[in-house]
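For the numbering used here, add 24 to where a residue sits in the sequence shown, where the first one is 1. Below is one structure, written out as structure tokens; comments come after it.
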Amino acid sequence: MLPSKASLKPDIKYAYCTCGLSVTFPMCEGSYRGTDKTPIKFSVGIKTDKWLCRCGHSGRKPYCDGSHQQGAIQE
Ligand code: FES
25 MLPSKASLKP
35 DIKYAYCTCG
45 LSVTFPMCEG
55 SYRGTDKTPI
65 KFSVGIKTDK
75 WLCRCGHSGR
85 KPYCDGSHQQ
95 GAIQE
């Protein structure tokens with residue numbers, strides 16, 4: 025699964041989905057409630073575009089670290 029580009033703004037608290045149930049994935053919309061997962065909360069200092077992980081394998085979530093390419097090579 026490829027990352028998704030997000031235009032992020034400062035002074036907004038974002039929540040990154042870790043349960044995989046969100047209909048706004050990779051952003052959290054509360055579907056984790058009732059599971060043992062919790063979203064990763066994050067913010068940025070300046071207006072910026074970032075690639076958000078959608079494969080679940082990034083070592084620096086919520087951001088993509090290129091790990092999705094490893095999976096593609098091994099599959
Ligand atoms: S989408 Fe790139 S590491 Fe997950």
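Note that CB positions come from ideal geometry on N, CA and C, so glycine has one too.
- If you check the C-beta of R78 against the ligand FES, you find a heavy atom less than 7 Å away.
- Non-local C-beta neighbours of G69 in its own chain, meaning closer than 8 Å and more than five positions away in sequence, comprise P34, ordered along the chain.
- Excluding residues up to 5 positions away in sequence, R78, H92 lie with their Cβ nearer than 7 Å to the Cβ of L26 in the same chain.
- Beta-bridge annotation (DSSP): T72 is paired with L32.
- The C-beta distance from S31 to D73 rounds to 5 Å, short enough to meet the 8 Å contact threshold.
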